[in-house]
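Residue numbering for the sequence shown follows this note's numbering, beginning at 422 and increasing consecutively. Quick notes on the structure that follows.
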Amino acid sequence: MAGVRTLQDIGGDAVLVAGGGRAILLQIANPAVGAGVAAHSDFTSRPLDRLHGTLGFCYAQVYGTDADRKAIARRVNAAHAPVTKPPNAHSAGYSAFDPTLQLWVAATLYDTAAQVHELVFGPLSKKDADEVYSGYAVLGTALQMPADLWPEDRAAFRSWFDAELDNLEVSPEALSVSRQLLTLAGAPLWLRAGLPAVRLVTAALLPPRLREAFGFRWTPRQQRRFDRMLGVVRVVWPAVPRSIRHFPVRYYLRRLRR
């Protein structure tokens with residue numbers, strides 16, 4: 422009989438990357454994260470930096486050796502060091518080393534991956550879902566987040582996460598970042614060619630309030646387009662060999678070890 426499935430079993434599936442736009446938009450709707458990203462990221466001239474950084478970090482933590490995990494943690498910490506602003510009369514400030522912000526980023530990655538995986542493959546069993554959820558804590562604890570900050574179980578996570586969603590606000594800074602991310606005006610044509618599909622999937626996965634706040638127009642026609650796309654993916658993607666679906670893991674580990 423098959424054992425309990427873990428994060429290692431599902432976390433490397435390339436289809437989860439389809440939720441990347443949703444995860445980033447949820448992250449930057451947190452005012453502190455949004456302000457930090459707006460001040461320290463450049464999606465116009467370096468559109469793939471955040472994607473490469475996030476995927477490299479996640480895959481190293483889940484699939485890498487101890488040396489890989491330490492190496493990527495050093496890189497991330499070095500990148501985070503300048504991402505700071507002291508509080509003043511106009512702003513609460515931010516720091517990329519803030520454990521609560523790291524919790525939020527890790528939480529958006531888990532929640533988005535869980536949503537995409539269920540849409541494509543169907544729901545996990547309770548035991549599998551619990552095990553995968555526990556595994557995602559490492560995306561915070563590998564940095565400055567203490568383990569006890571990760572909600573105890575999926576029920577606690579859902580209660581906390583939904584409350585956090587209600588408190589999110591799309592600031593002008595976050596809106597500007599989202600438009601850079603989803604248009605990539607200076608990016609190569611091959612990269613921009615896939616953006617209509619990225620925008621469709623991102624809009625479909627966002628909670629309706631935030632979808633509207635980020636300026637997405639969502640109509641029954643767009644819902645039908647998404648449903649058709651999802652219907653094809655549900656049939657085709659699970660039939661793709663696992664070695665191909667998990668290719669990004671091998672790619673990013675090789676990239677890290679250069």
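Here a beta-carbon is modelled for each residue, glycine too, at the ideal position from N, C-alpha and C.
Exposed unless 16 or more other CB atoms sit within 10 angstroms - verdict on residue i
i: asparagine 451; result: buried
i: glutamine 644; result: exposed
i: alanine 568; result: exposed
i: glycine 442; result: buried
i: leucine 602; result: buried
i: isoleucine 665; result: exposed
i: serine 546; result: exposed
i: aspartate 434; result: buried
i: serine 462; result: buried
i: valine 591; result: buried
i: histidine 511; result: exposed
i: leucine 610; result: exposed
i: valine 504; result: buried
i: arginine 679; result: exposed
Contact check, residue i vs residue j, beta carbons under 8 Å
i: leucine 626; j: glycine 485; result: no
i: tryptophan 525; j: valine 454; result: yes
i: tyrosine 673; j: tyrosine 480; result: yes
i: isoleucine 449; j: valine 619; result: no
i: proline 669; j: leucine 476; result: yes
i: leucine 677; j: alanine 492; result: yes
i: leucine 596; j: phenylalanine 635; result: yes
i: proline 593; j: tryptophan 581; result: no
i: lysine 548; j: valine 425; result: yes
i: tryptophan 639; j: arginine 649; result: no
i: aspartate 551; j: arginine 575; result: yes
i: leucine 605; j: arginine 613; result: yes
i: threonine 533; j: alanine 624; result: no
i: threonine 427; j: glycine 556; result: yes
Identity of the residue in the options nearest residue i by Cα
i: phenylalanine 518; options: Ala494, Ser462, Trp611 and Ser664; result: Ala494
i: histidine 501; options: Leu610, Leu603 and Gly457; result: Gly457
i: glutamine 536; options: Lys548, Val598 and Tyr554; result: Tyr554
i: valine 541; options: Arg679, Ala460, Gly652 and Gln429; result: Gly652
i: aspartate 587; options: Pro629, Ala513 and Leu570; result: Pro629
i: alanine 608; options: Gly432, Leu469, Ala624 and Gly543; result: Leu469
i: glycine 432; options: Val559, Leu570 and Val654; result: Val559
i: valine 654; options: Glu539, Gly514, Asp487 and Leu616; result: Glu539
i: alanine 460; options: Arg679, Gly474, Gly514 and His667; result: Gly514
i: arginine 671; options: Arg600, Val656 and Asp489; result: Asp489
i: leucine 446; options: Gly474, Arg600 and Leu616; result: Arg600
Cβ-based neighbour list, residue i, same chain, cut-off 6 Å, excluding 5 preceding and 5 following
i: methionine 422; result: At methionine 422 the pLDDT is 40, less than 50, meaning the model places this residue with poor confidence and gives no usable figure here.
i: valine 497; result: Phe478
i: arginine 663; result: none
i: valine 438; result: none
i: phenylalanine 637; result: Ala624
Own chain partners of residue i with C-beta closer than 7 Å, once the 5 adjacent residues on each side are dropped
i: glutamine 523; result: Gly561, Leu564, Gln565 and Met566
i: glutamine 429; result: Val483 and Tyr484
i: alanine 583; result: Checking the sequence shown, residue 583 turns out to be aspartate, not alanine. No residues qualify anywhere along the chain.
i: proline 520; result: Gln565, Met566, Pro567 and Leu570
Beta-carbon proximity list for residue i, same chain, < 8 Å, skipping 5 on both sides
i: asparagine 509; result: none
i: proline 659; result: Val541 and Phe542
i: alanine 667; result: In the sequence under discussion, the amino acid at residue 667 is histidine, which differs from the alanine named in the question. Gly433, Asp434 and Ala435, listed in sequence order.
- Where in the segment 510 to 565 do unbroken runs of the alpha helix (DSSP H), each at least 4 residues long, occur, reported from the N-terminal end onward? Here the runs fully enclosed are 520 to 542, 547 to 557 and 559 to 562.
- Task: Could I get the ranges of all uninterrupted alpha helix (DSSP H) runs contained in the segment 564 to 622, with 4 residues as the minimum, in chain order?
- Result: 575 to 588, 593 to 604 and 610 to 613, all fully within the segment 564 to 622.
- Query: Counting only runs that start and end within the segment 450 to 487, where is the alpha helix (DSSP H) found for 4 or more residues in a row?
  - Reply: Runs found: 452 to 461 and 470 to 484.
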